[in-house]
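Below is one structure, written out as structure tokens; the observations come after it.
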Amino acid sequence: MKVLVIGANGNTATRVVRRLAEGSHDPVAMIRNPVHRDKFDKLCVPTVLADLEYPIDHAVQGCDAIIFAAGSGGKTGKDKTVLIDHIGAIRTMVAAQVHGVRRYIMLSSINNDINSQSPIAHYHRAKAHADNHLVGTDLDYTIVCPGGLTDEPGTDLVSVSLKLQGKGMTSRENLAAALVACLDLDLSIGKSFSLLDGDMPTADALSAL
Ligand SMILES: NC(=O)c1ccc[n+]([C@@H]2O[C@H](COP(=O)([O-])OP(=O)(O)OC[C@H]3O[C@@H](n4cnc5c(N)ncnc54)[C@H](OP(=O)(O)O)[C@@H]3O)[C@@H](O)[C@H]2O)c1
């Protein structure tokens, strides 16, 4: 499958692109800043320039699947959380529908809630709105909800649950592996699940969903 990785220059998404490039799928790295092209040229991965605050149809066209791993991050204002994590994400879902991209994998978060009162409620609310929109589409979606992200080495050992509230940490390497694995796992379609570092091999944990 030709897989558009949105937010490709990000810490998790770059790991996703690397894994895809080593495997059987064809990644396309969506970046918003041309200075990041070089990194993907070195991986022999094509890039497309697009910004989630503007139309992205040109990036989506011709793809078979999307992995959304972008985010406004903790250093921008609440306005960007809405513009990118909520509206920007929905923009990609609409583009997927318009251009016939059936498979959509969302990197989300645990504890999302449209009525969140958490210390980062604006984030949890924005992500919840985007996730809810995705569930209401006719796309073949999977929503993967990690805990706090770390740069610990991948262990390929995780814990998954259909319960989306909780506490825990997730290595970006383990997360990237799971996002990529979902592409080839039809039983993950139509599911939302939490993914924390744990003690079960990723393939076994996902197959038990
Ligand atoms: N951090 C956590 O503990 C945590 C926990 C649970 C879930 N998550 C979710 O996981 C996601 C990935 O985390 P991460 O640490 O890997 O992310 P990251 O390194 O912050 O990467 C986010 C990427 O999104 C891109 N981006 C931001 N605004 C954009 C726009 N307008 N158009 C296109 N791309 C845009 C950034 O582009 P540039 O490279 O150009 O800046 C960046 O490459 C987060 O966004 C969050 O939703 C995070």
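First residue of the sequence shown? That's -12 in my numbering, and the numbers climb one at a time after it.
C-beta: ideal position from N, C-alpha, C; glycine also.
As the structure is a computational prediction, the values presented were derived from the model and not from experiment.
Excluding the 5 residues flanking residue i on each side, which residues of the same chain have their C-beta closer than 7 Å to its C-beta?
i, result
"H23", "N(-4)"
"I77", "A117 and H120"
CA-CA distance, residue i and residue j?
i, j, result
"D171", "V81", "23 Å"
"F27", "L39", "19 Å"
"V85", "A117", "17 Å"
"T137", "V145", "14 Å"
"R90", "A46", "15 Å"
"N201", "L166", "With the chain covering only -12 through 196, there is no way to say anything about residue 201."
"G49", "V88", "8 Å"
"G177", "A113", "20 Å"
"D191", "A168", "11 Å"
"M17", "H109", "25 Å"
Hey, would you say residue i sits closer than 8 Å to residue j, going by beta carbons?
i, j, result
"T202", "L183", "No statement about residue 202 is possible, as the shown extent of the chain runs from -12 to 196 and does not include it."
"A8", "C31", "yes"
"F55", "C132", "no"
"V15", "P42", "no"
"T189", "N161", "yes"
"A163", "R2", "yes"
"I53", "L(-9)", "yes"
"H111", "D125", "no"
"L193", "V147", "yes"
"D51", "K(-11)", "yes"
Would the C-beta of residue i count as close to ligand 1, meaning under 7 Å from any of its heavy atoms?
i, result
"E139", "no"
"N20", "yes"
"D184", "no"
"K150", "no"
"I53", "no"
"E160", "no"
"K26", "no"
"I71", "yes"
"P133", "yes"
"S96", "yes"
"D125", "no"
"S103", "no"
"G64", "no"
If you follow the alpha helix (DSSP H) that residue i is in, where does it begin and where does it stop?
i, result
"V35", "It is not in any alpha helix (DSSP H) - V35 instead sits in the beta strand (DSSP E) that spans T34 to L36."
"R112", "A108 to V122"
"C169", "R159 to L170"
"A195", "That residue, A195, is in no alpha helix (DSSP H); it is neither H nor E in DSSP."
Less than 6 Å between C-beta atoms, sequence neighbours within five positions excluded: which residues of the same chain meet that for residue i?
i, result
"G155", "G134 and L183"
"R19", "D38"
"G(-6)", "A0, A56 and A57"
"K67", "S59"
State the start and end residues of the unbroken beta strand (DSSP E) segment that holds residue i.
i, result
"D186", "Neither: D186 is in no beta strand (DSSP E) and is coded neither H nor E."
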